[in-house]
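Number of protein chains: 2
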Amino acid sequence: MKLPFPELSADEAAAMIQNGQTIGFSGFTPAGAAKAVPKAIAAKAEAEHKEGRPFKVGVVTGASTGDSCDGALARANAVLWRTPYQSNKFLREQINSGQTKFFDMHLSQLPQYVRYGFLGHFNWAVVEACKVTADGEITLSTSVGASPTFCRVADKIIIELNEHHPEALHGCHDIFEQAEIPYRREIPIYTVKDRPGSPVVKVDPSKIVGIVRTNQADECSPFTEFGEMIGKIGENVAEFIAGECKIGRIPKEFLPIQSGVGNIANALLGALGTHPDIPAFTMYSEVLQDSVVELIKSGKITFASGTSLTLSNGPMSELYANLDFFREHFVLRPQAISNNPEVIRRLGCITINTAIEADISGNINSTHIMGKNLMNGIGGSSDFTRSAFISIFACPSTAKDGKISAIVPLCSHIDHTEHSVQIIVTEQGVADLRGKDPHERSRIVIENCAHPDYRDDLMRFCNETKSGHTPGTLKDAFIFHRQFLETGSMRNIQWS
Amino acid sequence: MKLPFPELSADEAAAMIQNGQTIGFSGFTPAGAAKAVPKAIAAKAEAEHKEGRPFKVGVVTGASTGDSCDGALARANAVLWRTPYQSNKFLREQINSGQTKFFDMHLSQLPQYVRYGFLGHFNWAVVEACKVTADGEITLSTSVGASPTFCRVADKIIIELNEHHPEALHGCHDIFEQAEIPYRREIPIYTVKDRPGSPVVKVDPSKIVGIVRTNQADECSPFTEFGEMIGKIGENVAEFIAGECKIGRIPKEFLPIQSGVGNIANALLGALGTHPDIPAFTMYSEVLQDSVVELIKSGKITFASGTSLTLSNGPMSELYANLDFFREHFVLRPQAISNNPEVIRRLGCITINTAIEADISGNINSTHIMGKNLMNGIGGSSDFTRSAFISIFACPSTAKDGKISAIVPLCSHIDHTEHSVQIIVTEQGVADLRGKDPHERSRIVIENCAHPDYRDDLMRFCNETKSGHTPGTLKDAFIFHRQFLETGSMRNIQWS
Chain A
1 MKLPFPELSA DEAAAMIQNG QTIGFSGFTP AGAAKAVPKA IAAKAEAEHK EGRPFKVGVV
61 TGASTGDSCD GALARANAVL WRTPYQSNKF LREQINSGQT KFFDMHLSQL PQYVRYGFLG
121 HFNWAVVEAC KVTADGEITL STSVGASPTF CRVADKIIIE LNEHHPEALH GCHDIFEQAE
181 IPYRREIPIY TVKDRPGSPV VKVDPSKIVG IVRTNQADEC SPFTEFGEMI GKIGENVAEF
241 IAGECKIGRI PKEFLPIQSG VGNIANALLG ALGTHPDIPA FTMYSEVLQD SVVELIKSGK
301 ITFASGTSLT LSNGPMSELY ANLDFFREHF VLRPQAISNN PEVIRRLGCI TINTAIEADI
361 SGNINSTHIM GKNLMNGIGG SSDFTRSAFI SIFACPSTAK DGKISAIVPL CSHIDHTEHS
421 VQIIVTEQGV ADLRGKDPHE RSRIVIENCA HPDYRDDLMR FCNETKSGHT PGTLKDAFIF
481 HRQFLETGSM RNIQWS
Chain B
1 MKLPFPELSA DEAAAMIQNG QTIGFSGFTP AGAAKAVPKA IAAKAEAEHK EGRPFKVGVV
61 TGASTGDSCD GALARANAVL WRTPYQSNKF LREQINSGQT KFFDMHLSQL PQYVRYGFLG
121 HFNWAVVEAC KVTADGEITL STSVGASPTF CRVADKIIIE LNEHHPEALH GCHDIFEQAE
181 IPYRREIPIY TVKDRPGSPV VKVDPSKIVG IVRTNQADEC SPFTEFGEMI GKIGENVAEF
241 IAGECKIGRI PKEFLPIQSG VGNIANALLG ALGTHPDIPA FTMYSEVLQD SVVELIKSGK
301 ITFASGTSLT LSNGPMSELY ANLDFFREHF VLRPQAISNN PEVIRRLGCI TINTAIEADI
361 SGNINSTHIM GKNLMNGIGG SSDFTRSAFI SIFACPSTAK DGKISAIVPL CSHIDHTEHS
421 VQIIVTEQGV ADLRGKDPHE RSRIVIENCA HPDYRDDLMR FCNETKSGHT PGTLKDAFIF
481 HRQFLETGSM RNIQWS
């Protein structure tokens, strides 16, 4: 069908975008990310820079994107500022070298920030879709993220109509936006399957200034095989949850699972799916990764709610080939809903996220290496953790061939406080922090989760002073990190 | 009316309580706290200890209590473990010297922890009431807190029937409890006035093992006069909020206010009430303090929702003398509802809490002095902050006659992360952290909020290294605190 919108090349679209403007791009992980237009903007930036003219734009997305967006724009030095999350190595370098300003936000709050003007004016929304109608009904592709909000607030909308994604994705999205404050009502989601919204994003068609036709898969990497250590962490998480079921703290109906993003999270979810004492379950999560497809097929996951379908090419092809089956088993929602504390708290989610490091008090670092360099960002981990029924963080007990202990006296950057973290899991074991005071916590974390090579030094820190509500001293709080920065290893701490 | 429950003296009630048992006491602040029974339990503990027998009990409350509960039990060394919050100097000493185990919890989560067995078995609920009926309908007194949950889960209930509180308080409470997970529905509160619950806590009357009659006011201290500095902080907060209204980020209908606990919070709320550009407002808060009574009288607060009525004797007498007027203007809810993220997020609350210290990244310490000794606890500050529409923290820029800077390189204990804190206010000014990266944040916090005496040293910390996403180094992160611990002052940092 001929649409009443101008058909543009990506370069023609990019030509309309001016230095200093703010753009809301679709994309939550590489899933559903804009691809052609940001690449063309990057090319425009390079051309402008060659001519000696400044060209940078504010880049806001749902979460991370693919290389065609964050990678291309970073390499072109075209990012004026960036929020709320990223995972691209080129962009990360720019951020950590101070060339790009990045602020790290709770993903559930981004749409509210955007809608109420906390981030200034939005000139453009650039969103990928699999279908659009003349009257402005947009069927998004493999993620929803913050696209409905970007379309709502931006002056103008450019649609990347990506025919790689089948139009049959129509019906896989549930676009629910809350009313304006102070007239908000409840989010009427009582089970993970509920669909209070619309299958499409409805926009004023006069805001759509062009359609850019593309045909490109999402730039999601396949997961690598995980080794024995990750397998053991997965077993420990599954055993813990099975134990909670057994003693009745998790009801017999079980509870929805949220699982974080990345290789370890994918493996942990797989472990839940194979544990004999964990029943078939549902997910109320953010990112649906490869293992979800497998577990839906096997019947272990009965339904999965998320904001993105972040699949590598194999599982994605399989899902598209069997869409009639899969569409009964998943839904994609705006991140303001998938990550909303109202629904997470109500449903009683069991949340499983990964940590960069954990400390003996139960604080978690999710974002910064040695307190300094940004890794990816906090993402939705706190949205889920803070309102969880049971909140779990998992990581290997060591990194860098054992030279880094992931269990430290004090996290070098704190993203989740001891108040919100209930369970810490490593390949060594499980620390259940509920109802434990700081001294008990430190002992349990060290004995159950730290690698044996580091236990003595961690205990020595705790025993430096017996006074006070918390163990240890400020003087030596970062002694592990400081030794690593000086010598390249946290092993055998040189106590002064 | 003769009730079908045994009338007991406090000592008779205490005699039933055994060493090692767990008790849920009413009380959220001294308001509505059990008074006679805990005092009698303390006396029993002292007698038992004299006989060489162990006697300690697990003490769980809504939040803090009065001296008759936490003070008496602590002095008798009768507290085996304690959660979720306290503010008593004797108990604090016991906690910080390691004699009593205390764990610090988000107050909204306590009832869920208790209900689902995360804190073990509850033997007793000891709750203050102003009225009870033969069929087990309890009208609580000046707080609700976690009493409905304690009554639900405990084996046996003892009621302190306190005739100091008028029975006419009936109708001032809204007791709403959610269904069991996974069958929870929405909390149907859409404006601060909504009352989805019951005026009473309904219990199985066979669980009520006795009534202890008392006649005693709540042990709430009057507020002290605040000086010029607190006045200036209040002005800054009010000016900031008025500014947000003016540019339309706060809608013309305004938004509900949450205000923290204590002298400063009381003064800040007073300042909002007198600012000419702030309209009459509502509160969706936790603790309703003296200034609320004044502002309801003047019409500046049209309605206040909380979980406790924490009033000193003057304002309390006034409220009781005019209960017909005041009952139209406030309601008390369970803390699982007053502090629930679902409602706080939905209503779009503006939250104002006080900090012990703030750091240049925007992290907040609400709980521990020099990272070590517990002050009171996190209370509900994170329940509100984390789901706020706009989250504000306020404190004087210095403490201890200027020898402590409340603005530090890194908080010595982090209770609220940079991700959740939007606005920091001191008497010096306002730092609006929204949309700012860590380097911008540090500059704004130092220039706008730090005391001039400390700005150079704070800037020097930031400038130690230019690399990385965050300013400063781990090496000197606690240099302010360490100098204070060594010399008694943070002034003129001796850089090594």
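Those protein sequence lines, which keep their order, are chains A and B. Numbers 1 to 496, taken from this note's numbering, label the letters of the first sequence in order. Numbers 1 to 496, taken from this note's numbering, label the letters of the second sequence in order. Even for Gly, the Cβ is constructed at its ideal location relative to N, Cα and C.
- The three-state secondary structure of ASN365/A, taken from DSSP, is strand.
- For PHE102/A, the chain B residues whose Cβ falls inside 8 Å of its Cβ are ASP437, HIS469, in order along the chain.
- DSSP, read as helix, strand or coil, puts TYR454/A in helix.
- Per DSSP, the continuous beta strand (DSSP E) segment holding GLU357/B begins and ends at 357 to 359.
- Residues of the same chain with a CB within less than 7 Å of the CB of LEU485/A, apart from the 5 flanking positions on each side, are MET370 in chain order.
- Proximity to ILE423/B across ASP401/B, GLN483/B, LEU295/B, ILE360/B peaks at ILE360/B, based on C-alpha coordinates.
- Contact between VAL60/B and THR29/B does not hold, since the beta-carbon distance rounds to 15 Å and is not under 8 Å.
- According to the DSSP secondary-structure assignment, ALA394/A is paired through a beta bridge with THR354/A, VAL425/A.
- The beta strand (DSSP E) runs lying completely inside the region 85 to 143 of chain B and spanning 3 residues or more are 124 to 132, 137 to 140, given in chain order.
- For GLY24/B, the uninterrupted beta strand (DSSP E) run begins and ends at 22 to 25, by DSSP.
- By the Cβ criterion, the region 234 to 244 of chain A is in contact with the region 263 to 277 of chain A, since at least three pairs of Cβ atoms, one from each stretch, lie closer than 8 Å.
- The region 331 to 349 of chain B and the region 295 to 314 of chain B touch, with no fewer than 3 CB-CB distances between them shorter than 8 Å.
- The three-state reading of DSSP puts VAL192/A in coil, since its state is none of H, G, I, E or B.
- In this structure, LEU8/A keeps its C-beta atom at 8 Å or more from the C-beta atom of ALA134/A.
- Here TYR320/B carries a helix assignment [DSSP, helix/strand/coil].
- In the assembly as shown, GLU342/A is a buried residue. Its beta-carbon has 16 or more other beta-carbons within 10 Å.
- A distance below 8 Å separates the beta carbons of THR139/A and HIS170/A.
- Put simply, the region 100 to 117 of chain A touches the region 423 to 442 of chain B. At least three CB pairs are less than 8 Å apart.
- Beta bridge pairing from DSSP links PRO334/B with GLY145/B.
- With respect to the 8 Å criterion, GLU286/B and GLY380/B are classified as neighbours on the basis of their beta carbons.
- Per the coordinates, the alpha-carbon of GLY58/B lies some 32 Å from the alpha-carbon of ASN266/B.
- The beta carbon of LEU323/B sits closer than 6 Å to those of ALA168, all from its chain and outside the five residues before and after it, given in chain order.
- For the region 358 to 387 of chain A, the beta-carbon criterion of a distance under 8 Å to any beta-carbon of chain B is satisfied by ASN363, HIS368, MET370, GLY371, LYS372, ASN373, LEU374, ILE378, SER382, ARG386, SER387.
- Nearest CB-CB separation between MET459/A and chain B: not below the 8 Å threshold.
- In this chain, the beta strand (DSSP E) harbouring LEU161/A covers 156 to 162.
- Listed in chain order, the non-local C-beta contacts of ALA40/B below 6 Å within the same chain comprise ALA10, ASP11, ALA14, local neighbours out to five positions each way being set aside.
- Ranked by how close their Cα comes to the Cα of GLY262/B, the residues LEU80/B, ALA394/B, PHE240/B have ALA394/B in first place.
- Look at the beta carbons and you see the region 32 to 50 of chain B not touching the region 84 to 95 of chain B: under three pairs across the two are nearer than 8 Å.
- For ASP11/A, the enclosing alpha helix (DSSP H) stretches over residues 10 to 15.
- Between ALA477/A and ILE407/A, the C-beta gap is not smaller than 8 Å, which leaves the two residues out of contact.
- Assignment of LYS56/B by DSSP, reduced to helix, strand and coil, places it in the coil class.
- If you look at ILE257/B, you'll find it in the beta strand (DSSP E) that goes 257 to 259.
- When DSSP assignments are scanned along the region 195 to 278 of chain B, the uninterrupted stretches of beta strand (DSSP E) that are 3 or more residues long and fall wholly within it turn out to be 208 to 214, 257 to 259.
- Contact of SER442/A with chain B is not assigned, every C-beta pair being separated by 8 Å or more.
- Of all C-beta pairs linking the region 148 to 157 of chain A to the region 114 to 128 of chain A, three or more are shorter than 8 Å, placing the two stretches in contact.
- Put simply, the CB of HIS419/A is near chain B, with a gap under 8 Å to one of its CB atoms.
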